[in-house]
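Q: Quick note: the sequence shown uses this note's numbering, first residue 6, plus one each step.
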Amino acid sequence: MTMALERTAVRVELLIDRRWFAVCDLADLTPGRGVAALLPDGAQVAVFLDRAGRAYAIDNRDPFTGAYVLSRGLLGSAGGRPFVASPLLKQRFDLETGRCLDDDGVAVQAYLTRTTGGPVEALGPGLGADLDADLDAALGVVSAQVA
């Protein structure tokens, strides 16, 4: 039996320069596949939707070859951690941290993402005034003041 995905008005966003940046509509993503998006500074980001419906974003540039191809990689998991394998040399990159699982000295930029009633959003370097609150909320951190 084949099931069609229900299209919704949910968006994926990245947090860039202290602001959430709309990347695409969640309905534009196919579970288990990636897409490339262009950021305001000209950088490319690879956005993925796993089969559980979670969105991830990392730099699209493969640091081993210099090619902008990570969005075309294969998704998988190792030890419960989601990764994308580069379509060229097959190095695996953790989708949550950007760390290369096959070479500890190599990593790509990873972005926090959120889905809203609009596009997919992500959180990246150079973030804004609400960065601490956004990071705490995204990571589930509870802060307390000491008197």
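The C-beta atom is built at its ideal place from N, Cα and C for all residues, glycine as well.
What you are looking at is a predicted structure, and each value in this text was computed from that prediction instead of being measured.
1) Whole-angstrom Cβ separation of F53 and A60, contact assumed at under 8 Å?
2) Helix, strand or coil for R77 per DSSP?
3) Give me the residue from G47, G58, V28, N65 with the minimum Cα distance to G103.
4) Once the 5 residues before and after G133 are set aside, which same chain residues still bring their CB inside 7 Å of it?
5) Buried or exposed for T120, going by 16 or more other Cβ atoms inside 10 Å?
6) Use the C-beta contact count for S82: other C-beta atoms within 10 angstroms, 16 or more gives buried, fewer gives exposed.
7) With DSSP as the reference, label L43 as helix, strand or coil.
8) DSSP has D64 in a bridge; who is on the other side?
9) By Cβ distance, which residues of its chain are closer than 7 Å to D198, with the 5 residues on each side in sequence left out?
A: On the basis of the data shown:
1) 7 Å
2) helix
3) N65
4) A caution first: G133 carries a pLDDT of 40, below 50, which makes its placement in the model too unreliable to give a value.
5) buried
6) exposed
7) strand
8) V50
9) Here the chain covers residues 6 to 152 and nothing more, so residue 198 does not appear.
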